[in-house]
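Here the structure is laid out as structure tokens; the discussion comes afterwards.
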Amino acid sequence: MSAIHFYKYQGTGNDFVIMDNRNGEYNFLTEKQVHFLCDRRFGIGADGLMLLNKEEGYDFGMKYYNADGRESSMCGNGGRCLVAFARKMGLTGEKLSFLAVDGPHEATLHGDDWVNLKMQDVSGIEINALHSYLNTGSPHYVMFVEDVKAVDVHSEGKRIRYNDRFAKEGTNVNFVQSLDKGIFVRTYERGVEDETYSCGTGVTAAALMTAGPATKEYVVPVQTLGGKLEVRFNRIGEKAYDNIWLCGPATLVFEGNITLP
Numbered sequence: 479m480s481a482i483h484f485y486k487y488q489g490t491g492n493d494f495v496i497m498d499n500r501n502g503e504y505n506f507l508t509e510k511q512v513h514f515l516c517d518r519r520f521g522i523g524a525d526g527l528m529l530l531n532k533e534e535g536y537d538f539g540m541k542y543y544n545a546d547g548r549e550s551s552m553c554g555n556g557g558r559c560l561v562a563f564a565r566k567m568g569l570t571g572e573k574l575s576f577l578a579v580d581g582p583h584e585a586t587l588h589g590d591d592w593v594n595l596k597m598q599d600v601s602g603i604e605i606n607a608l609h610s611y612l613n614t615g616s617p618h619y620v621m622f623v624e625d626v627k628a629v630d631v632h633s634e635g636k637r638i639r640y641n642d643r644f645a646k647e648g649t650n651v652n653f654v655q656s657l658d659k660g661i662f663v664r665t666y667e668r669g670v671e672d673e674t675y676s677c678g679t680g681v682t683a684a685a686l687m688t689a690g691p692a693t694k695e696y697v698v699p700v701q702t703l704g705g706k707l708e709v710r711f712n713r714i715g716e717k718a719y720d721n722i723w724l725c726g727p728a729t730l731v732f733e734g735n736i737t738l739p
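Mapped onto the numbering used here, the consecutive letters of the sequence shown carry residue numbers 479 to 739.
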């Protein structure tokens, strides 16, 4: 039986268990234990788990696990929460740099809980009549709908995520409604296998798909079930974007100790 000290953070309702692993004390965690910690009935409850690691040449390293216990691709809201946690752990630089599974990132913090996270450049987008498919650190299927609140995100998202094309590797599925100002996004996340209150890489993917033909900077306000985010980016050519920033709140919910089974 091992007792661990954890912190729980949330970014627009996308919630995470986080541990300070800079001395390597949590390297032993197994897939089963991560799944237990993320379980909402028997564990702490979260959409994912992150370790704050030491990383040569960066302020820290990010290791991310989905709620199913498996290491996964980049998580945008998770990255923002880990930056806020890094500040709490004493990393107080005006700008923080870290290495995640999809490469290097930088972030700035404003006030107590607002984090701006720079995402990877995006190109090679697949645009179809009814949907788009792109990678913003994680793979995303983006579909615009008339009334996002009317969509059965769990069943429709699951159907797409497990279709013949995506079943093996999985994809996240985003349903997007255009608003007078910005968009409303709801996301089915692989690895959670359900709708989450917010998905940072999904919000980023959806925002990119709102850009007009002009090569300029775009600022897209985004509404999610868990709150408001903002995505800023430059369109630099056909299906190509850079200087992409995911901006929003990241707050500590609570911290505690738990004994692993």
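By construction, the Cβ of each residue, glycine as well, lies at the ideal position given by its N, Cα and C atoms. Since we're looking at a predicted model, the values are computed, not measured.
Burial state of residue i (16 or more Cβ within 10 Å)
i	result
Gly-734	exposed
Ala-524	buried
Ala-607	exposed
Val-600	buried
Pro-727	buried
Leu-657	exposed
Asn-505	exposed
Glu-667	buried
Ala-692	exposed
Gly-535	exposed
Ser-633	exposed
Gly-715	exposed
Arg-637	exposed
Phe-732	exposed
Nearest candidate by alpha-carbon position, reference residue i, set the options
i	options	result
Gly-602	Ala-683, Lys-486 and Arg-518	Ala-683
Arg-713	Lys-706, Leu-707 and Asn-721	Asn-721
Gly-589	Gln-655, Leu-515, Tyr-619 and Ala-562	Ala-562
Lys-510	Phe-494, Glu-549 and Gly-726	Glu-549
Asn-501	Asp-517, Trp-723 and Glu-533	Glu-533
Met-621	Pro-739, Val-663 and Leu-569	Val-663
Tyr-542	Gly-715, Thr-729 and Leu-507	Leu-507
Leu-569	Ile-605, Asp-537 and Ser-480	Asp-537
Ser-610	Val-709, Gly-680, Cys-516 and Arg-518	Gly-680
Gln-488	Glu-695, Arg-710, Gly-715 and Gly-678	Gly-678
Asn-613	Lys-717, Thr-586 and Asp-546	Lys-717
Gly-635	Val-670, Glu-503 and Asn-594	Val-670
Glu-572	Asn-594, Gly-581 and Gly-615	Asn-594
Pro-617	Trp-592, Arg-643, Ala-628 and Val-629	Arg-643
Leu-515	Ser-480, Arg-637 and Met-540	Ser-480
Asp-517	Glu-503, Asp-546, Gly-539 and Phe-711	Asp-546
Pro-582	Arg-710, Gly-615 and Gly-715	Gly-615
Asp-591	Phe-711, Ala-564 and Ala-628	Ala-564
Pro-739	Arg-637, Phe-732 and Phe-520	Phe-520
Test item: CB-CB of residue i and residue j under 8 Å
i	j	result
Ser-551	Val-579	yes
Val-623	Val-651	no
Gly-554	Met-597	yes
Asn-544	Asn-499	no
Leu-574	Glu-584	yes
Gly-704	Asn-492	yes
Thr-665	Thr-490	no
Assumed close pair residue i, residue j - CB separation to whole angstroms, cut-off 8 Å
i	j	result
Glu-673	Val-631	4 Å
Val-698	Lys-706	In fact, because the Cβ distance is near 11 Å, the residues do not count as touching under 8 Å.
Ile-736	Ile-522	6 Å
Tyr-619	Thr-649	5 Å
Leu-724	Lys-566	Contact doesn't hold; Cβ gap of about 20 Å is too wide.
- Message: So, does the segment 509-529 touch the segment 479-488, judging by three or more C-beta pairs under 8 Å?
- Response: yes
- Task: Pair every Cβ in the segment 555-572 with every Cβ in the segment 685-696, then say whether three or more of these pairs are closer than 8 Å.
- Result: no
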